[in-house]
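Each residue of the sequence shown is one higher than the last, beginning at 10 in our numbering.
Where is the CB? At the ideal position from N, CA and C, for every residue including glycine.
This report concerns only the one structure given below.
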Amino acid sequence: MRIAVIGTGYVGLVTGVALSEIGHVVGCIDVDPNKVKTLSNGIPTIYEPGLKEMMLTNMGRGRLFFTSKHSEGLDHADVVYIAVGTPQRADGSANLDYVEAAARDIAHNITKSVIVVIKSTVPVGTNEYIKKLINEETPAGIKVKIASNPEFLREGSAVHDTFHGDRIVIGAEDLETADTLAAINAPFKMPIIKTDISSAEMIKYASNAFLATKISFINEIANICESLGANVEEVAKGMGFDHRIGPDFLKAGIGYGGSCFPKDANALVQLAGNHHHEFNLLKSVIEVNNHQQVLLIDKMLTRFGGTLKGKRIAVLGLAFKPHTDDLRESPALVMIPKLVELGAEVVAYDPIAIENAKKQINGYIEYTEDLHIALHAADAAVIITDWPDVKTIKLSTYNQLMNTAILFDGRNCYDLSDVKEASIEYYSIGRPNQA
Ligand code: NAD
Ligand code: UGA
């Protein structure tokens, strides 16, 4: 098959590379000429394990190319994927401007009938609307069919998830379209769920909302555990053995971030509201998460007698989770300005996300890619991202390097017994303090 992918962000780039790996010829289109130039030079614009090698291999095989010209990318394409962003609008709803622009780009550049596949996360009804938009603007004689094929990859393991995910969902307007997409995806060797378009669109939102709910639920349990002297890790383990609950997404912490859970939860609340359903459960999930992101600040203020003025605080991790340089909705974006506002001197460590952080965080803070430099002479450290080098650091390092070894751990990185042995003053989430 000859495939075009519009948008080369996290989803579009990984999708394009993976489709070329399984044998298709893929043209990846992006409106950002700098991105296209970098990609054409064989340099991925995002950090994803395994992506670069696969990208270079398939560029070398002549199965993968990048362009900023829609006419070039869409030339001879049988199937066109839309993988552009659907960011949050001020009212919480999904902004479909980029999807609409991509649809117009398709309408104005295709020279034959194609299947358009929407991979972006879009509200129920969008596929139908986009199909109408394209068909209205294409030259006479050309007709598009539409299909929803939502993406479930996680950042940081995007390539792995694309080849070893749990399922592929295809919502199509007819069986022939569904079968064509199933055939395209067959080499991924995953269960393929064929359904109607609206259900496919909803599966994506419902899945993200459910996962966000699991996280906020365990975070609430964690906060109650703290008051009652229980340990949330033990509780989550005990719950997770019940296969109806499952062990995943029960890790308590400083709340979920990232480019999708926050925006998709808000978009679903908004979508439901537009149809006179108050999604109160999901509203609470969002509220719990907002509170969770600043919880450690409260703990720090309590520990330091109500002020952080002049305290040197090492912030360990900026990315919203490890193995990505993505800072979108990271708790760091809430935490760092708050620390600065409270008069703290902030030194921030991250192995790969600093360049992105500099674009998003204002105010004077120091950055370092060296964990040891970050800890040097710090009065306290706060863990935001559970990077492997933070998790595996020798605990005595905190005592050796810091002014005072006081640790606020937003990711429960360490065993309480190890922390006790190392004589660190330790505050984590949903577990007894080691003070
Ligand atoms: P992104 O913002 O990283 O990338 C979008 C890309 O599209 C950008 O490079 C932009 O320049 C390009 N673009 C915009 N309009 C264009 C046009 N008309 N023609 C060509 N290129 C255009 O977005 P992302 O994180 O990859 O997310 C894309 C969609 O996938 C969103 O709806 C998101 O919710 C969903 N999603 C994301 C993830 C994730 O992990 N990031 C996972 C699952 C689903
Ligand atoms: C999430 C989903 O897992 C993907 O299936 C989905 O495709 C994607 O959103 C999307 O729609 O964009 P992602 O945001 O990359 O993927 O990362 P996750 O691993 O799900 O983590 C999201 C956030 O939840 C992170 O901040 C993480 O630290 C937090 N989290 C996750 C917890 O606090 N506890 C957990 O148990 C799991």
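Worksheet item: Does any heavy atom of ligand 1 sit closer than 7 Å to the C-beta of THR95?
Response: For ligand 1, at least one heavy atom lies less than 7 Å from the Cβ of THR95.
Worksheet item: For SER268, is the beta carbon positioned less than 7 Å from some heavy atom of ligand 3?
Response: By its list of ligands, the structure shown excludes ligand 3, since it contains just ligand 1 and ligand 2.
Worksheet item: Is the closest heavy atom of ligand 2 to the C-beta of ARG163 under 7 Å?
Response: Relative to the non-hydrogen atoms of ligand 2, the Cβ of ARG163 comes within a distance shorter than 7 Å of at least one.
Item to complete: Count the C-beta pairs between the stretch 39-58 and the stretch 167-176 that are closer than 8 Å, then say yes if the count reaches three, no if not.
Response: A contact is defined here as three or more CB-CB pairs under 8 Å, and the stretch 39-58 meets this definition with respect to the stretch 167-176.
Discussion item. Between ILE139 and ligand 1, is there a pair consisting of the residue's CB and a ligand heavy atom that are separated by less than 7 Å?
Written reply: Result no, Cβ not under 7 Å from ligand 1.
Item to complete: Go ahead and pull the three-state DSSP assignment for GLN443.
Response: Residue state, collapsed to three classes: strand.
Worksheet item: Roughly how many angstroms separate the alpha carbons of GLY249 and VAL45, rounded to a whole number?
Response: Those two C-alpha atoms are separated by around 44 Å.
Worksheet entry | contact_flag[the stretch 376-391, the stretch 406-420] where n(CB pairs < 8 Å) is 3 or more | Enough Cβ pairs lie closer than 8 Å, so yes.
Worksheet item: To the nearest angstrom, how far is it from the Cα of VAL350 to the Cα of GLY439?
Response: Val is not the amino acid found at residue 350; the sequence shown has Glu there. Per the coordinates, the alpha-carbon of GLU350 lies some 26 Å from the alpha-carbon of GLY439.
Fill in: Residues that DSSP places opposite SER157 in a beta bridge
Its beta-bridge partners are ILE127 and GLY180.
Item to complete: Under the assumption that ALA86 contacts ALA13 (Cβ atoms under 8 Å), give the Cβ distance between them as a whole number of angstroms.
Response: With a Cβ gap of about 4 Å, ALA86 and ALA13 count as contacting.
Practice prompt. Out of LYS403, TRP396 and ASN194, state which residue places its alpha-carbon closest to the alpha-carbon of THR171.
Written response: Distances from the CA of THR171 to each of LYS403, TRP396 and ASN194 were compared; the closest alpha carbon is that of ASN194.
Item to complete: Would you mind working out which of CYS37, LEU65, ASN67 and SER49 sits nearest SER80, comparing C-alpha positions?
Response: Out of CYS37, LEU65, ASN67 and SER49, CYS37 has the C-alpha closest to the C-alpha of SER80.
Item to complete: Check whether the Cβ atoms of VAL160 and ARG113 sit closer than 8 Å, and answer yes or no.
Response: Checking the displayed sequence, the identity of residue 160 turns out to be Glu instead of Val. Their beta carbons are not under 8 Å apart, which means GLU160 does not touch ARG113 by this criterion.
Worksheet item: From this set, SER77, GLY51, PHE75 and THR76, which residue's C-alpha is nearest LEU65's C-alpha?
Response: It is GLY51 whose Cα lies nearest to the Cα of LEU65.
Worksheet entry | Beta-carbon proximity list for ILE143, same chain, < 6 Å, skipping 5 on both sides | ALA112, ILE115, ALA116 and VAL153, listed in sequence order.
Worksheet item: Quick one, which of ASP273, ASP100 and GLU30 has its alpha-carbon nearest ARG72's?
Response: Closest by alpha carbon: GLU30.
Worksheet item: Can you name the residues that DSSP bridges to PHE417?
Response: According to DSSP, PHE417 bridges with VAL391 and TYR436.
Discussion item. I'd like the list of long-range same chain contacts for GLU375, defined as Cβ closer than 6 Å, with 5 residues on each side in sequence excluded.
Written reply: The residues are VAL356.
Worksheet item: Looking at the unbroken beta strand (DSSP E) that takes in PHE75, where does it start and where does it end?
Response: Following the DSSP letters along the chain, one finds PHE75 inside the beta strand (DSSP E) bounded by residues 73-76.
Fill in: Span separating the alpha-carbon of LYS78 from that of LYS203
Answer to the nearest angstrom: the Cα atoms are 33 Å apart.
Item to complete: Compute every distance between the C-beta of ILE119 and the non-hydrogen atoms of ligand 1, then say whether any falls below 7 Å.
Response: In this structure, ligand 1 has no non-hydrogen atom nearer than 7 Å to the beta-carbon of ILE119.
Worksheet item: In angstroms, rounded to a whole number, what distance separates the CA positions of SER426 and ASN442?
Response: Each residue's Cα considered, the two are about 11 Å apart.
Worksheet entry | Extent of the continuous alpha helix (DSSP H) to which LEU325 belongs | Careful: LEU325 lies outside any alpha helix (DSSP H), inside the beta strand (DSSP E) at 321-325.
Worksheet entry | Presumed contact (8 Å Cβ cut-off) between THR135 and ASP273, rounded CB distance | Going by Cβ atoms, the distance from THR135 to ASP273 rounds to 13 Å, so no, they are not a contact pair.
Worksheet item: What number of angstroms, rounded off, separates the C-alpha of HIS173 from the C-alpha of VAL428?
Response: Taken atom to atom, the span from the alpha-carbon of HIS173 to that of VAL428 is near 36 Å.
Fill in: GLU338 burial status per 10 Å Cβ neighbour count (16 or more: buried)
Counting Cβ neighbours within 10 Å, GLU338 comes out buried, since at least 16 surround it.
Discussion item. With H, G and I counted as helix, E and B as strand and the rest as coil, what does DSSP make of TYR214?
Written reply: Helix, per DSSP.
Worksheet item: Looking at the unbroken alpha helix (DSSP H) that takes in TYR407, where does it start and where does it end?
Response: Note, TYR407: alpha helix (DSSP H), 405-410.
Worksheet item: CB ALA149 to CB VAL126, shorter than 8 Å?
Response: Using a Cβ distance threshold of 8 Å, ALA149 and VAL126 do not count as a contacting pair.
Worksheet item: Starting from GLU354 and walking both ways along the beta strand (DSSP E), at which residues does that stretch end?
Response: From DSSP, the beta strand (DSSP E) with GLU354 extends over 354-358.
Fill in: Test item: CB-CB of TYR123 and VAL88 under 8 Å
The residue asked about is misnamed: residue 123 is Val in this sequence, not Tyr. Cβ atoms of VAL123 and VAL88: closer than 8 Å.
Worksheet item: Among the residues of its own chain, which have a CB less than 8 Å from the CB of HIS381, if the five just before and after it don't count?
Response: Beyond the five residues adjoining it in sequence on each side, HIS381 comes within less than 8 Å, by CB distance, of THR406 and LEU410 in the same chain, given in chain order.
Discussion item. Give me the residue from VAL303, GLN97, ILE363 and THR377 with the minimum Cα distance to LEU348.
Written reply: Nearest C-alpha to LEU348: VAL303.
Discussion item. Between GLU235, PHE226, ALA191 and ASN158, which has its C-alpha nearest MET211's C-alpha?
Written reply: Comparing Cα-Cα distances from MET211 to each of GLU235, PHE226, ALA191 and ASN158, the minimum goes to ASN158.
Discussion item. Would you call the stretch 363-373 in contact with the stretch 391-401, where contact means no fewer than 3 C-beta pairs closer than 8 Å?
Written reply: Contact between the stretch 363-373 and the stretch 391-401 is absent, with fewer than three C-beta pairs closer than 8 Å.
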